[in-house]
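Below is one structure, written out as structure tokens, with a few remarks after it.
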Ligand SMILES: Cc1cc2nc3c(=O)[nH]c(=O)nc-3n(C[C@H](O)[C@H](O)[C@H](O)COP(=O)(O)OP(=O)(O)OC[C@H]3O[C@@H](n4cnc5c(N)ncnc54)[C@H](O)[C@@H]3O)c2cc1C
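In the numbering used here, the protein residues as written are 335 to 721.
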């Protein structure tokens, strides 16, 4: 029996059935690996709010056989940035061409699409330990049972300690911000035709998107040391109070969101990057390159990276060789996106009143092309300095 056949017949365990885990399972299935997803939730499609998929991720999903993604959600035509008085600061065109548009959609619709291949996931069980990753990884579960695998993919998200089986000291960095996300079963004419609206306050901002099929997706990000953060027995009541004077349709959409579906996630990032691979264990998704959500790229990066993994799997005999080549190809580019997301976050979450006014005035009055020419070299310079 060749090495590949042995690895394939022993199978790959995918720890975590989020977006990265489900896409990884499609990739492995395409290369005849037997794989099993391990997920603590009782259903793979449960929960979540919404997200934006950028054109590269939409294309990558189509290439991996999920072409129905184009029918999900709403293609975005433009993004409007405005201040808390409702004044437009910047209009960003997003419809580059018919097949190069970001899509806003609900997570549930995306998870249903990605969940087509799961014959035998192990649900309602979490993995507590992974040992012997150099040779034959052994997974231990919360109920004390164990499983041996030919390889293991750790897709357990930003806060998982399982990444330490690959990168012992790596931990996410706290960005001192929190977020709430929700999906409301209503549409709003201001979002019609594919308009996303982002409203920027001091240390707080709200994004609204049309998510298709009569739904709107929203998020709020709040700096944790900004004024006004209080204990919150009800997230929705607290948000309604906090955003009471902000322009519509913020209050309308948040009020229409079922309280129990609002998700709060503290913001963190995986910087500096952990090691992504050790022997037959590979980190993917947020476990490897979790980033601040300010460019809406976290899930997109996982998907685009996994398309690259799909390409290398056809070239290499063994899982660990393919994983090694994948890491070499995608680590640096993911690092750049992580840093760009961090910079976008600092720019959007400004809480100093003077800087806030300067930024808004520039955005409001400078022609977008000139702004782009000023900001891009600045970002590139900062990124080069950090590398
Ligand atoms: C406010 C906000 C807005 C965002 N907006 C966007 C956007 O517009 N576009 C975009 O591309 N990205 C966005 N992101 C980022 C995106 O949500 C993540 O990058 C993406 O969900 C990561 O997917 P993942 O599968 O790696 O991790 P996760 O989605 O965290 O999934 C990890 C899975 O592992 C499971 N798990 C955890 N521990 C264990 C264990 N011990 N054993 C087994 N399973 C386990 C969990 O139950 C979970 O199902 C946003 C993030 C935030 C916070």
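Each residue gets a CB set at the ideal place from its N, CA and C atoms; glycine is no exception.
Just checking residue i against ligand 1 - is the residue's beta carbon closer than 7 Å to any of the ligand's heavy atoms?
i: residue 418; result: no
i: residue 409; result: no
i: residue 676; result: no
i: residue 653; result: no
i: residue 553; result: yes
i: residue 485; result: no
i: residue 393; result: no
i: residue 513; result: yes
i: residue 403; result: no
i: residue 373; result: yes
i: residue 321; result: Lying outside 335 to 721, the shown extent of the chain, residue 321 is not represented and no answer is given.
i: residue 501; result: no
i: residue 492; result: yes
i: residue 444; result: no
i: residue 361; result: no
Secondary structure at residue i, three-state DSSP: helix, strand or coil?
i: residue 427; result: strand
i: residue 551; result: strand
i: residue 692; result: helix
i: residue 590; result: coil
i: residue 562; result: Low per-residue confidence applies at residue 562: pLDDT is 48, beneath 50, and the placement is therefore not dependable, though the value from the model is reported in the following sentence. Note: residue 562 maps to coil in three-state DSSP.
i: residue 277; result: What is shown of the chain runs 335 to 721, which leaves residue 277 out entirely.
i: residue 387; result: strand
i: residue 437; result: strand
i: residue 397; result: helix
i: residue 340; result: Here the model assigns residue 340 a pLDDT of 42, short of 50, so the residue's position is not dependable and the matter cannot be decided.
i: residue 640; result: helix
i: residue 372; result: strand
i: residue 582; result: coil
i: residue 597; result: strand
i: residue 489; result: coil
i: residue 602; result: strand
I'd like the span of the alpha helix (DSSP H) that includes residue i, first residue to last.
i: residue 355; result: 353–364
i: residue 675; result: 653–682
i: residue 616; result: First-last for residue 616: 615–617, but that is the beta strand (DSSP E), not the alpha helix (DSSP H).
i: residue 536; result: First-last for residue 536: undefined, no H or E at that position.
May I ask you to list the residues that DSSP assigns as paired with residue i?
i: residue 422; result: 416
i: residue 522; result: Paired residue(s): none; residue 522 is not in a bridge.
i: residue 699; result: The partner list for residue 699 (beta bridge, DSSP) is empty, contrary to what the question assumes.
In terms of residues, what are the limits of the beta strand (DSSP E) holding residue i?
i: residue 508; result: 507–518
i: residue 620; result: Looking at the DSSP string, residue 620 is not in any beta strand (DSSP E); the run it does join, the alpha helix (DSSP H), is 620–623.
i: residue 411; result: Run containing residue 411: none; DSSP gives neither H nor E here.
i: residue 609; result: It is not in any beta strand (DSSP E) - residue 609 carries neither H nor E in the DSSP assignment.
i: residue 571; result: That residue, residue 571, is in no beta strand (DSSP E); its alpha helix (DSSP H) goes 569–576.
i: residue 482; result: 480–482
i: residue 458; result: From DSSP, residue 458 is part of no beta strand (DSSP E); its letter is neither H nor E.
i: residue 349; result: 346–349
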